[in-house]
Amino acid sequence: MQNTKLMLSGLTLVGLFALAGCSFPGVYKVDIQQGNVVTQDMIDQLRPGMTRSQVRFIMGNPLITDTFHANRWDYLYSIQPGGSQRQQERVSLVFNANDQLAGLAGDFKPGVSRDEAILGTGQPTGEIPQRTEAQDEAIEPGSLLEQIQREVDAAEPVPVPTPTPIETN
Numbered sequence: 092m093q094n095t096k097l098m099l100s101g102l103t104l105v106g107l108f109a110l111a112g113c114s115f116p117g118v119y120k121v122d123i124q125q126g127n128v129v130t131q132d133m134i135d136q137l138r139p140g141m142t143r144s145q146v147r148f149i150m151g152n153p154l155i156t157d158t159f160h161a162n163r164w165d166y167l168y169s170i171q172p173g174g175s176q177r178q179q180e181r182v183s184l185v186f187n188a189n190d191q192l193a194g195l196a197g198d199f200k201p202g203v204s205r206d207e208a209i210l211g212t213g214q215p216t217g218e219i220p221q222r223t224e225a226q227d228e229a230i231e232p233g234s235l236l237e238q239i240q241r242e243v244d245a246a247e248p249v250p251v252p253t254p255t256p257i258e259t260n
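Per this note's numbering, the sequence shown starts with residue 92, numbered consecutively.
So this is what it looks like as structure tokens:
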């Protein structure tokens with residue numbers, strides 16, 4: 092009798108531990124988001140030569156500012172929807188000695204935003220400003236700055252809607 096109670100208690104305990112490790116179908120799992128939300132429209136607004144404050148206005152505060160690489164800002168974003176596979180996006184911005192934006196690397200590239208690609212409206216209005224010859228001479232061929240400048244020149248601007256003022260009485 093004593094052995095039976097001990098064995099039944101042990102099996103119950105083992106069964107509870109086994110159930111604690113299982114996931115039940117239909118049980119809601121929380122989406123886990125971490126980091127800076129970065130959109131394609133934010134990347135499209137970046138231009139070489141922007142100051143740190145202009146970049147911070149567009150992108151927000153960087154998630155990582157490395158003390159050993161003070162001229163690099165890293166923006167990381169990860170999401171794990173409902174216990175499924177984790178997805179991560181990364182963007183690194185590099186500044187030159189004059190605290191101006193000099194480089195961009197990561198999962199985003201200048202171009203048509205994801206929303207426009209989905210909707211099929213990749214024809215924004217507005218003109219792309221042309222580079223001057225003085226700017227072309229300042230950029231060394233084959234440099235990272237030239238690569239970024241080519242990507243920026245190929246990007247089309249996205250119009251930003253102007254909000255209507257709120258009337259207060």
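Cβ coordinates follow ideal geometry from the N, Cα and C atoms, glycine included.
Residue i classed as buried or exposed, judged by whether at least 16 other C-beta atoms fall within 10 angstroms
| i | result |
| --- | --- |
| Ile134 | buried |
| Leu184 | buried |
| Val182 | buried |
Three-way DSSP call (helix, strand, coil) for residue i in this model
| i | result |
| --- | --- |
| Ile123 | strand |
| Thr95 | helix |
| Leu137 | coil |
| Gly217 | Summary for Gly217: the model assigns pLDDT 42, below 50, so the residue's position carries little reliability; its value from the coordinates is reported in the next sentence. Residue state, collapsed to three classes: coil. |
| Gly233 | coil |
Beta-carbon spacing of residue i, residue j below 9 Å
| i | j | result |
| --- | --- | --- |
| Trp164 | Phe186 | yes |
| Asn162 | Ala188 | yes |
Of the residues the options, the one placed nearest residue i, counting alpha carbons only
| i | options | result |
| --- | --- | --- |
| Gln178 | Glu231, Ile149, Asp122, Ala245 | Asp122 |
| Gln171 | Ala246, Thr103, Gly106, Gln125 | Gln125 |
| Leu249 | Gly106, Asn127, Gln131 | Here residue 249 turns out to be Val, not Leu, going by the sequence shown. Per the Cα distances, Gln131. |
| Leu192 | Glu180, Asn127, Met98, Leu235 | Leu235 |
| Ser169 | Glu180, Thr142, Leu104 | Glu180 |
* Asked: Considering only residues of the region 143-204, which uninterrupted alpha helix (DSSP H) runs meet the minimum length of 4 residues and lie entirely inside it, listed in chain order?
  -> 143-150
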